[in-house]
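*Asks:* Final position of the sequence shown in the working numbering is 176; the numbers increase by one with none missing.
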Amino acid sequence: MFYLLAIVLSSLALTIGAVGLVIKRSRGSGENFSEAHSSKGFEPGIRTRPVKRVNSLAEAAVILGARSLMLFDRQGFVIEAYNVSEEYEAETAAIMAELIGMLEGLGLPASTVTLNDLKSFVIELERVSDMRLYGLVVGGEAGLKDAAYARNVLQKYLESIVERRW
């Protein structure tokens, strides 16, 4: 039992380190759109209005006030990422998928996994066909209390992708 707990804790530490690395790399590549273009009367962050359509992951990031977003599947393959270093996005998605698998293996709920003092989280999205998809929301104004809203925004984005392709 002790070894299992040690493995889980070390994997969690590795995951948090990977997310921190993604944040550092994305900050170095340029300013975040929501921070660079904030204007008088506009505050980036969670909106309470229902979202009807989201056309891009960048738009979802602005709506959520997140620094970075990533959509990935259960196997750890990146579907799409916004403001994440291309060099580390595949590794981060694989680590997140592994973390979710470990949590589920231990019988713990993995529909919302928080990281980095409730400012970053992984949320389970609805299935698309036979794929189980997840979204990684990193930093910004979003918080755990907004996980349901973030799930809704990312789900609307997935729906817009499916509509465009069919």
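C-beta atoms are modelled at their ideal positions from N, C-alpha and C, and glycine is treated no differently.
Starting from residue 115, trace the alpha helix (DSSP H) both ways and give me its first and last residue.
*Replies:* 96-115
*Asks:* Quick check: the Cα distance between residue 93 and residue 148, rounded to an integer number of angstroms?
*Replies:* Whole-angstrom Cα-Cα distance: 10 Å.
*Asks:* Across the segment 98-105 and the segment 159-176, are there enough close Cβ pairs to call them in contact, namely three or more that are closer than 8 Å?
*Replies:* no
*Asks:* Nearest to residue 77 by CA position, among 169, 130, 139, is which residue?
*Replies:* 130
*Asks:* Go through its chain and collect everything with a Cβ distance to residue 114's Cβ below 8 Å, but skip five positions before and after it.
*Replies:* 120
*Asks:* Within a Cβ cutoff of 8 Å, which residues of the same chain sit near residue 168, ignoring the five residues on either side of it in sequence?
*Replies:* 81, 135, 136, 138, 143
*Asks:* Could you check if residue 64 is buried or exposed, using at least 16 other CB atoms within 10 Å of its CB as the buried criterion?
*Replies:* So residue 64 ends up on the buried side.
*Asks:* When DSSP labels each residue in this structure, what does residue 169 get in the three-state scheme?
*Replies:* helix
*Asks:* Could you give the distance in angstroms between the alpha-carbon of residue 107 and the alpha-carbon of residue 141?
*Replies:* 13 Å
*Asks:* What span of residues does the beta strand (DSSP E) with residue 132 cover, start to end?
*Replies:* 130-134
*Asks:* Work out the CA separation of residue 104 and residue 85 for me, nearest whole Å.
*Replies:* 7 Å
*Asks:* Does DSSP put residue 140 in a helix, in a strand, or in coil?
*Replies:* coil
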